[in-house]
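Its first residue numbered 1, the sequence shown is counted upward by one per residue in the working numbering.
Glycine included, each C-beta is placed from N, C-alpha and C at the ideal position.
Keep in mind that this is a model prediction, so the values were computed, not measured.
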Amino acid sequence: MTADSVTPDRAGIGIGGLLLVGLLAAFLLESWQIPPQYDDSYISYRYASNLTQGHGLVYNIGEYVEGFSNLLWTLLVAGGLALGFEAKAVGHALGLVSGCLAMAATYTYAAAGLRPSQRPWAAVAAALVYASPVFARWSTAGMETPLFVAMIVGALAADAHGRDGQATAYATLATLTRPEGALVAAAIFGFRLLRLGLRAPAAWRGPLGYGAVMIALTAFRVTYYGDPLPNTFYAKVGGVSLGVSAVGAAFFLVGNSGICALPAAFMLRHPRWNPGAAYIAAMLAYGVSIGSGQRYLMSLIPCLAALGVCGVAMAFDRKIAVGAVAAAAVALSFYWSFFGLMGVEHATIRDAIVKAPRIRLLAREREEDAKSERLGERRAAVLLERDEEIALVATGAIGSFGFHSELPILDILGLVDPTIARSKRSVGDERYALPGHQRSNPDYVFSRKPDYLLIGKRGRQRLGNVVTAPDELRAHPDLDRYYEWDAEVLGYRRTR
C-alpha cells in the first residue's frame, strides 16, 4: 500500500486507535503496582471470602444482611478467590481491566458521532477520562466504581450504534454492579419505546428481559436477606443538605469534564444522544438528592467527554470559529482535570506532570488508604494474638479490620446491621457531614456488650462533624462504666 492509497478515513481510524492504545498503556503503567486499597473494598472481600468458604454471601457468619451494593463485583472477587488468588490482587486486577474497558467504551461511544476521519477526537474523549483525578483514584481503589462506569458507557455506546441487545445486556450488568444502573436502563428503554412505538414488539424485548432479571434479583434478596433492598440503602440514603450536595457536585463537574457540557449542547438535536443526555441529568439529580460522593458521579465523566468531543467535531463542520471555541472548552477541561483549577508553574514539562495536582491528589489519597489499611491490620493482629475469646467487636471501620480479623463485627454505622441502619440520623454540622455515615444508636451498641469498641480516644481533635456516631458513643455513660482505653489496640476494651 502506497502513501497515496491511505485515505483520510483509514488514517483517522489508525491514529485514533494508536492514541487509545497509548492511553491504555499509560494507565496500566501508572497503575500496575497494587496500591493500598480503600477500606470499604475489604467489605466486599469479606463477603466474597465467606462465600468461597461455604458460609454464604454474608459479612458475619450466620447473619444474613446485604451490607454491600455491588453484587456483581463481589461475585467476581469471589470467583478470583475460588481460583486461589488473594483478594487484594483480584480487586486490583478487576479495577485495571474495568478502567481499560471504561476508556475503550468512551472511545466507542464518541465514535458513534464521528466520521472515520475524525476518529482521533474519540481518543480525546478517552484522554479526558484518563486525566480525571476521580478516575485515577477510584480505578485502583479496589471498589466496583470502574466496572460500573464501564457498563454504563458500554450501554450508551451500544445504544448509540444501534445495538439494542448489547445495550440491554450492559444496562443489566450495570444494575447488577450498582443499583443506580437502573437510571441508564430507564434512559435507553424510554427513548427506545419513543423511537419504535409502544406497539412494536422489538421495543419491549429489552425492557422485558431487563425486568425479568430485576424481578429475579429482588426475589433473591427477599428470600436470602429478607428485604427487597440492600441494607446499605437504609444506612446511607439522605441526611445531607441539598445546597451542600449541589456545591459539591458543581466542583466535581468543573474539575472532571464538566466544561465539555458546552460543546455537548450541539448534540442535543440528534435523537441518538438523548439517552446519554438524559442519563447525565438523571444521575446528577440523583447524586445531589442523596448527597453522593465523587466516586458515585464518576460515570458522568465519560458521558460528558464523549458528547463534548462530538460537539466539537460538529461545531467545526458548521464554522471554524465556533469549532475553535468548542475545542478550547475541551482543552480547558483536560487542563483543569489534570493540573487543577490553579494550574502549575514549573520549569520543565516533566516537572509539571510529576507535580500536577492529579498526581499529588492520587498520592495523598493512597497514603490515606495505607493508613486505614495498616490500622485495620494492626488491630486485627493484636486481637488475634491475645489468648482470649472475643465474641463481638464494635467499630465503624469494618473493612480492613473485619477482613483480616474474621471476628464478629458490630458496625456502629449500620452498613451490616439492620437495627442501626434504620436508626436515627445524627448529622451534626451539615457542612462537614459525610454522606452515608450518619446513622447512630449508642444505646443499642452498648446493649450488645461488645468486647472491644474500636473508636478513637475521647478528646481527640477532629476536623468538623464528619462522622458523629463515635462522638455519641464516647459521650455515653456506659463507656466509663464498662470500658477502659487500650493503647495497644487503639480502642476501648470491656472490663466487666
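Quiz prompt | Bridge partners - Thr7, DSSP secondary structure assignment | solution = Along the sequence shown, one-based indexing puts residue 7 at 7. The partner list for Thr7 (beta bridge, DSSP) is empty, contrary to what the question assumes.
Exercise. Compute the distance between the beta-carbons of Leu128 and Ser245, then report whether it is under 8 Å.
Key: For this step, residue 128 is matched to residue 128 along the sequence shown. For this step, residue 245 is matched to residue 245 along the sequence shown. It is not a contact, given that the beta carbons lie outside the stated cut-off.
Quiz prompt | Residue burial classification, Glu488 (beta-carbon count within 10 angstroms, cutoff 16) | solution = One-based indexing of the sequence shown puts residue 488 at position 488. Exposed: under 16 other Cβ atoms inside 10 Å.
Quiz prompt | Selected residue, minimal CA-CA separation from Arg366, among Ala327, Asp39, Asp443, Gly181 | solution = For this step, residue 366 is matched to residue 366 along the sequence shown. Closest option to Arg366, Cα to Cα, is Asp39.
Quiz item: Excluding the five sequence neighbours on either side, which residues of its own chain have a C-beta within less than 6 Å of the C-beta of Thr348, listed in chain order?
Solution: The residue you call residue 348 lines up with position 348 of the sequence shown. Any answer about Thr348 is weak, because its pLDDT of 43 lies below 50 and its placement is not dependable; what the coordinates show is given next. Same-chain partners within the cutoff: there are none.
Quiz item: From this set, Thr177, Gly162, Ala155, which residue's C-alpha is nearest Tyr170's C-alpha?
Solution: One-based indexing of the sequence shown puts residue 170 at position 170. Tyr170 has its Cα closest to that of Ala155, out of Thr177, Gly162, Ala155.
Quiz item: From Ala327, Leu407, Leu173, pick the residue whose C-alpha is nearest to that of Val149; which is it?
Solution: Counted from its first residue, the sequence shown places residue 149 at position 149. With distances taken between Cα atoms, Val149 lies closest to Leu173.
Self-check item: Unbroken stretches of the alpha helix (DSSP H), 4 residues or longer, contained in the segment 381 to 435
Solution: 400 to 405, 418 to 421
Quiz item: Tell me, which residues are paired with Leu453 by DSSP?
Solution: As a position in the sequence shown, residue 453 is number 453, starting the count at 1. Note: Leu453 sits in a beta bridge opposite Ala394, Tyr492.
Practice problem: Assign Asp486 to one of three DSSP states: helix, strand, or coil. | Solution: The residue given as residue 486 occupies position 486 in the sequence shown. Of the three classes helix, strand and coil, the one that applies to Asp486 here is strand, per DSSP.
Self-check item: Strand pairing of Arg295, partner residues [DSSP]
Solution: Residue mapping note: residue 295 aligns to position 295 of the sequence shown, counting from 1. Answer is none; Arg295 lacks a bridge partner.
Quiz prompt | Which of helix, strand or coil DSSP assigns to Arg439 | solution = Taking the sequence shown and counting its residues from 1, one reaches residue 439 at position 439. Correct three-state label for Arg439: strand.
Self-check item: Chain-order list of residues whose beta-carbon lies under 8 Å from that of Pro470 (same chain, five-residue window excluded)
Solution: Locating residue 470 in the sequence shown gives position 470, counting from the first residue. Answer for Pro470: Gly396, Ile412, Ile455, Gly456, listed in chain order.
Self-check item: Status (buried if at least 16 other CB within 10 Å, exposed otherwise) for Glu484
Solution: Working through the sequence shown from its first residue, we reach residue 484 at position 484. Glu484 comes out exposed.
Self-check item: Span of the alpha helix (DSSP H), counted from its first residue to its last, around Ala78
Solution: As a position in the sequence shown, residue 78 is number 78, starting the count at 1. Unbroken alpha helix (DSSP H) run through Ala78: 71 to 82.
Quiz item: Would Gln438 be called buried (16 or more neighbouring beta carbons within 10 Å of its own) or exposed?
Solution: Numbered from its first residue, the sequence shown carries residue 438 at position 438. The residue is buried, with at least 16 neighbouring Cβ atoms inside 10 Å.
Exercise. Could you name each continuous alpha helix (DSSP H) segment of 4 residues or more that falls completely within the segment 129 to 204, going from the start of the chain to the end?
Key: 133 to 138, 145 to 160, 164 to 177, 181 to 196
Exercise. Assign Arg115 to one of three DSSP states: helix, strand, or coil.
Key: For this step, residue 115 is matched to residue 115 along the sequence shown. Correct three-state label for Arg115: coil.
Quiz prompt | Candidates His270, Ile301, Arg295, of which the one nearest Ala281 by Cα | solution = As a first step, residue 281 is located in the sequence shown; it is residue number 281 there, counting from the start. Residue Ile301 is the option with its Cα nearest to Ala281.
Quiz item: Excluding five sequence neighbours on each side, which residues of the same chain lie with their C-beta closer than 6 Å to the C-beta of Leu361?
Solution: As a first step, residue 361 is located in the sequence shown; it is residue number 361 there, counting from the start. Excluding residues within five positions, the ones whose Cβ falls inside 6 Å are Pro133.
Quiz item: For the 8 Å Cβ check, are there 3 or more pairs between the segment 198 to 206 and the segment 215 to 225?
Solution: no
Quiz item: Roughly how many angstroms separate the alpha carbons of Met151 and Tyr210, rounded to a whole number?
Solution: Counting from one through the sequence shown, the residue named residue 151 turns up at place 151. Counting from one through the sequence shown, the residue named residue 210 turns up at place 210. Straight-line Cα distance between these residues: approximately 14 Å.
Self-check item: Proximity to Ala25 [Cα-Cα], best of Pro120, Met103, Val309, Ala313
Solution: Numbered from its first residue, the sequence shown carries residue 25 at position 25. With distances taken between Cα atoms, Ala25 lies closest to Met103.
Quiz prompt | 7 Å Cβ shell around Pro418 - same chain, five flanking residues per side excluded | solution = Walking along the sequence shown from the start, residue 418 turns up at place 418. Cβ within range, chain order: Val65, Asn231.
Practice problem: Within its chain, find whatever has a CB closer than 8 Å to the CB of Gln461; leave out the 5 residues flanking it on each side and keep chain order. | Solution: For the purposes of this step, residue 461 is taken as residue 461 along the sequence shown, with counting starting at 1. In this predicted model, Gln461 has a pLDDT of only 49, less than 50, meaning its place in the structure is not dependable enough to derive any value.
Exercise. Taking Trp336 as part of the alpha helix (DSSP H), name the residues at either end of that continuous run.
Key: As a first step, residue 336 must be located in the sequence shown, where it is residue number 336. Note, Trp336: alpha helix (DSSP H), 320 to 339.
Practice problem: Would you kindly report the start and end of the unbroken alpha helix (DSSP H) that includes Ala507? | Solution: Absent from the structure is residue 507, since the part of the chain shown begins at 1 and ends at 496.
Quiz item: Does the pairing of the segment 262 to 271 with the segment 292 to 311 give three or more beta-carbon distances under 8 Å?
Solution: yes
Quiz item: If you check the beta carbons only, do Gly499 and Ser41 fall under 8 Å apart?
Solution: Here the chain comprises residues numbered 1 to 496, so residue 499 is not present and cannot be evaluated.
Quiz item: Out of Ala381, Val393, Ile420, which has the shortest C-alpha to C-alpha gap to His404?
Solution: What you label residue 404 is simply residue 404 of the sequence shown in a count that begins at 1. Of the candidates Ala381, Val393, Ile420, the one whose C-alpha sits nearest the C-alpha of His404 is Ala381.
Quiz item: Leaving out the 5 sequence neighbours to the left and right, which residues in its chain are closer than 8 Å to Trp32 when beta-carbon positions are compared?
Solution: To locate residue 32, count along the sequence shown from 1; it is residue 32. Counting only Cβ-Cβ distances below 8 Å, and skipping sequence neighbours, we find Leu96.
Quiz item: Alpha carbon to alpha carbon, how far is Phe191 from Gly226?
Solution: Numbered from its first residue, the sequence shown carries residue 191 at position 191. Numbered from its first residue, the sequence shown carries residue 226 at position 226. Approximately 34 Å, taken between the alpha carbons.
Practice problem: Measure from the alpha carbon of Asp443 to the alpha carbon of each residue in Tyr452, Arg458, Gly402, Ile420, then state which is nearest. | Solution: Counting from 1 along the sequence shown, the entry for residue 443 is found at position 443. Asp443 has its Cα closest to that of Ile420, out of Tyr452, Arg458, Gly402, Ile420.
Quiz item: From which residue to which residue does the alpha helix (DSSP H) around Arg46 run?
Solution: Reading the sequence shown from its first residue, position 46 is the one you call residue 46. First-last of the alpha helix (DSSP H) with Arg46: 41 to 52.
Self-check item: Neighbourhood of Val222 by C-beta, 8 Å cutoff - its chain only, sequence neighbours within 5 removed
Solution: Sequence index remark: in the sequence shown, residue 222 carries index 222 (1-based). Contacts found: Pro228.
Quiz prompt | CB contact flag (Ile259, Leu193, <8 Å) | solution = Within the sequence shown, numbered from 1, the residue matching residue 259 stands at position 259. Within the sequence shown, numbered from 1, the residue matching residue 193 stands at position 193. No. Outside cutoff.
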